[in-house]
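Enquirer: Each residue of the sequence shown is one higher than the one before, counting from 6 in the working numbering.
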Amino acid sequence: MQHPLVGQMREREKMEKLTSTTMIPEAFQGTRDDIAQQMGMVWEQVKAPLVIPLLKVAVVLSLIMSLMLFIERLYMAIIILFVKLLRKTPQKRFKWLPMQDDVELGSSAYPMVLIQIPMFNEKEVYKLSIGAACGLSWPSDRLVIQVLDDSTDPVIKEMVERECERWASKGVNVRYTIRDNRKGYKAGALREGLKHSYVKQCDYVAIFDADFQPEPDFLRRSIPFLIHNPELALVQARWIFVNSAECLLTRMQEMSLDYHFTVEQEAGSSAFSFFGFNGTAGVWRISAINEAGGWKDRTTVEDMDLAVRASLRGWKFLYLGDLQVRSELPSTLKAFRFQQHRWSCGPANLFRKMVMEIARNKKVSIRKRFYVIYNFFLVRKIVGHVVTFVLYCVVMPATVLIPEVEIPKWGSVYIPSLVTLLNAVGTPRSFHLLMYWVLFENVMSLHRTKASFIGLLEAGRVNEWVVTEKLGDSLKTTTAAKTVRKPRISFSNRLHLTELCIGAYLFMCGCFDFAYGKNRYYIYLFLQSIAFSIVGFGYVGTFVPNS
């Protein structure tokens with residue numbers, strides 16, 4: 006028989022369990038109802054002492070960088086305006102006389118010229134550059150064409166070698182050169198190429214990447230400047246693009262690069278006889294390369310490295326805007342992203358390595374040193390990338406969520422509009438695409454900013470070198486052969502989470518501004534969010550099978 010006390014204890018346990026099961030859901034319900042209020046209280050406590058001051062600092066710094074960029078753009082525009090008004094052509098600034106045949110001297114009246122064509126697995130375009138170089142109008146016994154093949158695919162190496170042999174059988178002095186390793190990448194190949202004994206006879210070297218196709222009169226128009234002006238080390242030609250109309254991605258690139266050549270290169274050449282060598286479509290005085298220390302592979306911008314070192318030794322450069330060389334733009338997003346990483350990370354890293362060397366140099370004027378450090382490196386290669394992303398993709402949307410912080414109209418509307426219009430002068434025919442270009446540049450500023458900081462801090466991918474993929478006529482051939490079938494591309498390979506996250510952030514800010522804001526940023530925020538999302542899902546550029 007059960008003791009009465011035991012029964013009472015069991016009844017008490019049942020009541021406690023019942024009470025617990027009824028009370029816990031009520032407590033949980035109360036917590037759920039209050040969670041938004043509690044988070045709001047925490048946000049208010051953090052916002053005033055921490056978030057608002059930090060955002061105000063970010064706004065001030067962004068506005069300062071924006072002013073720096075605007076002044077730089079305006080400064081270059083003024084230089085270009087004076088060059089046009091005063092008609093300061095290269096022929097007026099430097100002596101130029103056409104190359105003329107001499108009956109007595111014969112071909113020896115022409116200097117020996119070396120052509121270097123570095124390439125790496127360039128299956129689609131190797132014939133273009135080799136054929137164009139072999140077709141240059143220059144005495145064959147005064148020209149050496151050096152194909153520097155670092156290809157790792159034996160089939161492609163054999164194809165390139167066979168092409169060189171084909172031209173050699175026609176009497177062209179073509180040298181097919183390979184290495185045991187790819188040390189130094191392009192810089193290493195160019196450096197090794199200059200070590201051959203036959204190069205000692207050459208006075209000048211013209212460099213063309215595998216997709217570049219110079220016109221036959223290229224040397225006759227560029228070499229005379231170097232012959233008659235011993236202070237000149239480099240003559241740089243302008244790039245034009247055979248596939249600029251292929252897709253919207255190539256049109257956006259054309260707009261940016263046309264501004265670079267039309268304004269940045271022209272302004273540097275006219276005001277200081279200095280600019281960054283573009284790595285191809287240029288002619289160097291070999292003695293200037295040797296005096297500057299030769300090709301170095303310490304960064305991914307060996308061309309800019311050599312140009313800065315040569316300039317610090319007093320050499321001058323000349324940009325010829327009317328001397329144009331055809332080339333190909335990367336038409337896939339993957340290739341373009343790798344290219345932009347290299348072009349953004351390399352200059353920042355070179356700035357880190359050379360800023361003190363530039364500042365201490367005594368062979369050039371203080372004015373030129375200031376131009377190289379401030380205008381060329383700091384504003385164009387670093388500030389221009391950082392302010393585009395930070396101000397327009399981070400800070401401006403954040404002020405929508407925190408209305409206590411405001412950006413003045415001159416900083417959010419007027420200066421960006423003026424900078425955009427100044428950029429538009431490079432490609433007037435694409436003016437109708439200006440809005441798309443702005444949105445796309447803002448998206449790419451994310452990667453350029455990241456790459457710039459990697460270069461400044463010498464982080465993990467600082468020396469990453471990925472050769473830009475060239476398609477040549479392969480895509481046209483593939484499309485013609487397979488008009489029905491569409492290329493399959495893995496969705497995971499096209500998905501870019503960082504862009505999607507930024508796009509979601511901008512969309513959220515746009516919705517908040519539409520509902521509660523007063524600045525009407527939501528129009529821009531929605532458009533920019535769409536641009537980030539399109540890139541995030543990989544719907545940009547040309548789709549290539551197995552790429």
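C-beta: ideal position from N, C-alpha, C; glycine also.
Rounded to a whole number of angstroms, what is the C-alpha to C-alpha distance between Glu553 and Arg180?
Expert: Any property of residue 553 remains undetermined from this structure, which presents the chain solely from 6 to 552.
Enquirer: Starting from Pro123, follow the beta strand (DSSP E) in both directions and report where the run begins and ends.
Expert: Unbroken beta strand (DSSP E) run through Pro123: Val118 to Met124.
Enquirer: What's the call for His346, buried or exposed, on a 16-neighbour Cβ count within 10 Å?
Expert: Label assigned to His346: buried.
Enquirer: Taking the alpha-carbon positions, what's the Ser113 to Cys169 distance?
Expert: Looking at the two C-alpha atoms, the distance is approximately 25 Å.
Enquirer: Out of Phe381, Val306 and Asp518, which one is the CA nearest neighbour of Gly460?
Expert: Taking only the C-alpha atoms, the option nearest Gly460 is Val306.
Enquirer: Just confirm the distance between the C-beta atoms of Glu127 and Lys475, as a whole number of angstroms; I'd bet it's less than 8 Å.
Expert: Indeed they touch by this definition, with Cβ atoms about 6 Å apart.
Enquirer: Between the beta-carbon of Met449 and the beta-carbon of Tyr526, is there less than 8 Å?
Expert: Taking 8 Å as the Cβ cut-off, Met449 and Tyr526 do not qualify as a contacting pair.
Enquirer: Determine which residues share a DSSP beta bridge with Val288 and list them.
Expert: Note: Val288 sits in a beta bridge opposite Ala211 and Val240.
Enquirer: Taking DSSP as the reference, what is the three-state secondary structure of Gln533?
Expert: Gln533 falls in the helix class under three-state DSSP.
Enquirer: Determine the direct distance from the alpha carbon of Gly389 to that of Ile29, and round the result to whole angstroms.
Expert: With a pLDDT of only 44 at Ile29, under 50, the local geometry of the prediction cannot be trusted, and no value is derived from it.
Enquirer: Rounded to a whole number of angstroms, what is the C-alpha to C-alpha distance between Gln258 and Glu269?
Expert: For Gln258 and Glu269, the distance between alpha carbons rounds to 15 Å.
Enquirer: Alpha carbon to alpha carbon, how far is Glu197 from Arg184?
Expert: Spanning the two alpha carbons is a distance of roughly 8 Å.
Enquirer: What are the boundary residues of the alpha helix (DSSP H) that includes Gly193?
Expert: From DSSP, the alpha helix (DSSP H) with Gly193 extends over Tyr190 to Gly198.
Enquirer: Quick one, which of Gly351, Arg374, Thr503 and Glu271 has its alpha-carbon nearest Gly465's?
Expert: That would be Gly351, whose Cα lies nearest to the Cα of Gly465.
Enquirer: Would you give the residue range spanned by the beta strand (DSSP E) that Ser332 belongs to?
Expert: It spans Lys321 to Ser332 - the beta strand (DSSP E) in which Ser332 sits, taken as one unbroken run.
Enquirer: Note down the Cα distance separating Cys139 from Ala286, rounded to an integer number of angstroms.
Expert: Spanning the two alpha carbons is a distance of roughly 15 Å.
Enquirer: Any idea what DSSP makes of Gln105, helix, strand or coil?
Expert: DSSP places Gln105 in coil when its eight states are reduced to three.
Enquirer: Pairing CB atoms from the segment 422 to 437 with CB atoms from the segment 317 to 324, are three or more of them under 8 Å?
Expert: Verdict: no, contact absent.
Enquirer: Using only the alpha-carbon positions, how far apart do Glu469 and Lys100 sit?
Expert: Those two C-alpha atoms are separated by around 41 Å.
Enquirer: Determine, using beta carbons only, whether Lys358 and Ala192 come nearer to each other than 8 Å.
Expert: No.
Enquirer: Measure from the alpha carbon of Thr157 to the alpha carbon of each residue in Met124, Gly416 and Gly136, then state which is nearest.
Expert: When only C-alpha atoms are compared, the closest one is Met124.
Enquirer: For the beta strand (DSSP E) that contains Arg171, what are its first and last residues?
Expert: Counting along the chain, Arg171 falls outside any beta strand (DSSP E), though it belongs to the alpha helix (DSSP H) covering Pro159 to Ala173.
Enquirer: How big is the Cα-Cα spacing for Lys491 and Gly546?
Expert: Reliability of the predicted coordinates at Lys491 is poor, the pLDDT of 43 falling under 50, and the value obtained from them is presented with this limitation in mind. Each residue's alpha carbon lies about 15 Å from the other.
Enquirer: Hey, out of Leu119, Gly189 and Tyr529, whose CA is closest to Arg303's CA?
Expert: Comparing Cα positions, the closest option is Gly189.
Enquirer: Determine the closest residue to Ile407 out of Asp39, Ser457, Gln42 and Val64, with distance taken between C-alpha atoms.
Expert: The residue with the shortest Cα to Cα distance from Ile407 is Val64.
Enquirer: Are Arg374 and Ile363 closer than 8 Å when you measure CB to CB?
Expert: Going by C-beta atoms, Arg374 is nearer than 8 Å to Ile363.
Enquirer: Once the 5 residues before and after Ala403 are set aside, which same chain residues still bring their CB inside 7 Å of it?
Expert: If we look at Ala403 and ignore the five residues flanking it on each side, its Cβ neighbours are Leu60.
Enquirer: Compute the Euclidean distance between the alpha carbons of His265 and Val88, then round it to the nearest angstrom.
Expert: If you take the alpha carbons of His265 and Val88, they lie about 16 Å apart.
Enquirer: Suppose contacts are defined by Cβ-Cβ distances below 8 Å. Is Ala211 in contact with Ile294 by that definition?
Expert: Their beta carbons are not under 8 Å apart, which means Ala211 does not touch Ile294 by this criterion.
Enquirer: Looking at the unbroken alpha helix (DSSP H) that takes in Tyr510, where does it start and where does it end?
Expert: Taken as a continuous stretch (DSSP letters only), the alpha helix (DSSP H) holding Tyr510 covers Leu502 to Tyr521.
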